[in-house]
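Undergrad:
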Amino acid sequence: LFTKLAGVDGLPLAELASRNIVFTNCPGLSAPAVSEYVLLGMLSIAKGYREIIKAEMKHEWLPNPPGKVELMGSSALIVGYGSIGRMTEERLKALGVKVTVVRRSPVSGEHALGPTQWRARLGDFDWIILTAPATTETSRMIGAAELSAMKKSAVLINVARGSLVDQAALVKALDQREIAAAFLDVTEPEPLPPDHPLWTLENAHITMHLSGRSRTHEIPLTAKRFLENLHRYREGKPLLYQVDLKLGY
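Here the working numbering = 1-based position in the sequence shown + 704.
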């Protein structure tokens, strides 16, 4: 079974495993687009771009810029160190952001934290960026306790899945200014209902799961991967990009 998706949440993984089906996907194809979208979110909030657009629509020349934050010298925690997390780290480092990553596998060094370490460090970061897969382990990994542990000036960015965040707790944290803002490309549910309180919060930035929708390179690279695996299948070789049906990615 082949899918051009990277995330496989919502698919019947247990049933696939029971039938001994080999399942391959396309991790990394959306990494350039999604990592660029993370930068879009960060820069939009840092530079107050929402207010700039509003002024432009009203033909208003702002005498004082609404956003005066620079990314250089700020600190970011990337939760999830797959292809999207790694490419996001690469792009942020080029802008002078101090990056720490969270990964499942054993880690060492100051720039990396393990699954049991990152919560105690949440108060150290200006940006918390979620790029982890949606699994039973990551469900609601950001809840009331995690939000209260962040800086009041911190920004949460989620380009992973809405299920990683306790959305009710996030609404409360944004409303009470426990954190500065959230940039959410994913929500729960999707589409987000028109009457959901997230739409009304000034410090909630909502986009419509757009981050991975770039088509510049995705279609030809997807076809290349499929043909590569088809060739390996016909020769009896192990297939590339196999999904671990127990881990869910």
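Beta carbons are placed, not taken as given, at the ideal position from N, Cα and C, and that holds for glycine.
None of these values were measured; they are calculated from a predicted model.
Take the Cβ of P924 as the centre, count every other Cβ of all protein chains shown within 10 Å, and call the residue buried at 16 or more, exposed below.
TA: Reading the sequence shown from its first residue, position 220 is the one you call residue 924. Its Cβ having fewer than 16 others within 10 Å, P924 is exposed.
Undergrad: Based on the DSSP secondary-structure assignment, which residues constitute the bridge partners of A927?
TA: To locate residue 927, count along the sequence shown from 1; it is residue 223. None, per the DSSP bridge assignment.
Undergrad: What first and last residue would you give for the beta strand (DSSP E) that runs through I910?
TA: For the purposes of this step, residue 910 is taken as residue 206 along the sequence shown, with counting starting at 1. That run of the beta strand (DSSP E) goes 908-910.
Undergrad: Report the rounded CA-to-CA distance for Y753 versus V773, giving the unit in angstroms.
TA: The residue you call residue 753 lines up with position 49 of the sequence shown. The residue you call residue 773 lines up with position 69 of the sequence shown. Cα-Cα distance, rounded: 11 Å.
Undergrad: Excluding sequence positions up to five away, which residues of its chain have a Cβ less than 6 Å from the Cβ of V806?
TA: For this step, residue 806 is matched to residue 102 along the sequence shown. Closer than 6 Å at Cβ, skipping near neighbours: V783, L817, W822.
Undergrad: Please name the residue in M776, T835, S748, A798 whose C-alpha comes closest to that of P770.
TA: Taking the first residue of the sequence shown as 1, we reach residue 770 at position 66. Between P770 and the set M776, T835, S748, A798, the nearest pair of CA atoms involves S748.
Undergrad: If T820 and V742 are in contact, beta carbons under 8 Å, what's the gap, nearest whole angstrom?
TA: On the sequence shown, residue 820 is found 116 positions in, with the first residue counted as 1. On the sequence shown, residue 742 is found 38 positions in, with the first residue counted as 1. At roughly 25 Å, the Cβ-Cβ gap does not stay under 8 Å, so T820 and V742 are not in contact.
Undergrad: Would V738 and G916 be called neighbours here (beta carbons separated by less than 8 Å)?
TA: Stepping through the sequence shown from its first residue, residue 738 is reached at position 34. Stepping through the sequence shown from its first residue, residue 916 is reached at position 212. Yes, these two residues count as a Cβ contact at 8 Å.
Undergrad: Hey, which unbroken runs of the alpha helix (DSSP H) at 4 residues or more fall wholly within the segment 846-885?
TA: 848-853, 871-879
Undergrad: Does DSSP classify I725 as helix, strand or coil?
TA: Counting from one through the sequence shown, the residue named residue 725 turns up at place 21. In the structure shown, I725 sits in coil (DSSP, three-state: anything other than H, G, I, E or B).
Undergrad: Quickly, what does DSSP pair A780 with across the bridge? List them, please.
TA: Residue 780 sits at position 76 when you count from the first residue of the sequence shown. Paired residues: V803, W831.
Undergrad: Could you check the C-alpha separation between V947 and K758 for me, to the nearest Å?
TA: As a working mapping, residue 947 is identified with position 243 in the sequence shown. As a working mapping, residue 758 is identified with position 54 in the sequence shown. Taking the straight line joining both Cα atoms gives about 44 Å.
Undergrad: Name the DSSP bridge partner or partners of Q946?
TA: The sequence position of residue 946 within the sequence shown is 242, counting from 1. The bridge partners DSSP lists for Q946 are T728.
Undergrad: Tell me whether A816 sits in a helix, a strand or coil according to DSSP, three-state version.
TA: Looking up residue 816 in the sequence shown gives position 112. Residue state, collapsed to three classes: strand.
Undergrad: Report all residues from its chain with a CB closer than 6 Å to the CB of L834; omit the five preceding and five following residues, and keep chain order.
TA: Position 130 of the sequence shown, counted from the start, is the residue given in the question as residue 834. The residues are V783, N862, A864, L868.
Undergrad: Which one or two residues does DSSP pair with L733 in a beta bridge?
TA: Indexing the sequence shown from 1 puts residue 733 at position 29. Bridge partners of L733: none, in fact.
Undergrad: Rounded to the nearest angstrom, how far is the Cβ of A858 from that of I883, given a contact under 8 Å?
TA: Locating residue 858 in the sequence shown gives position 154, counting from the first residue. Locating residue 883 in the sequence shown gives position 179, counting from the first residue. Sure, about 5 Å apart at Cβ, within 8 Å.
Undergrad: Do G777 and G800 count as a contact pair if the criterion is CB distance below 8 Å?
TA: Start at 1 with the first residue of the sequence shown, and residue 800 comes out as number 96. Start at 1 with the first residue of the sequence shown, and residue 777 comes out as number 73. Yes, these two residues count as a Cβ contact at 8 Å.
Undergrad: Output the distance between the C-alpha atoms of D767 and A750, rounded to the nearest integer angstrom.
TA: In the sequence shown, counting from the first residue as 1, residue 767 sits at position 63. In the sequence shown, counting from the first residue as 1, residue 750 sits at position 46. One detail in the question is off: residue 767 reads as Pro in this sequence, not Asp. Whole-angstrom Cα-Cα distance: 18 Å.
Undergrad: Please look up how many angstroms separate the CB atoms of L909 and A885, rounded, as I've assumed it's under 8 Å.
TA: Along the sequence shown, one-based indexing puts residue 909 at 205. Along the sequence shown, one-based indexing puts residue 885 at 181. Strictly speaking, residue 909 in this sequence is His, with Leu absent from that position. H909 to A885, Cβ: 7 Å. Contact.
Undergrad: Would you mind reading off the limits of the alpha helix (DSSP H) that contains A759?
TA: Taking the sequence shown and counting its residues from 1, the one referred to as residue 759 is at position 55. Counting along the chain, the alpha helix (DSSP H) containing A759 begins and ends at 753-761.
Undergrad: Taking 8 Å as the threshold (C-beta atoms), are T839 and Y945 in contact?
TA: For the purposes of this step, residue 945 is identified with residue 241 of the sequence shown, where counting begins at 1. For the purposes of this step, residue 839 is identified with residue 135 of the sequence shown, where counting begins at 1. Y945 places its beta carbon 8 Å or farther from that of T839.
Undergrad: Just the C-alpha distance for R929 and T891, rounded to the nearest angstrom, thanks.
TA: Looking up residue 929 in the sequence shown gives position 225. Looking up residue 891 in the sequence shown gives position 187. Their backbone Cα atoms lie some 30 Å apart in a straight line.
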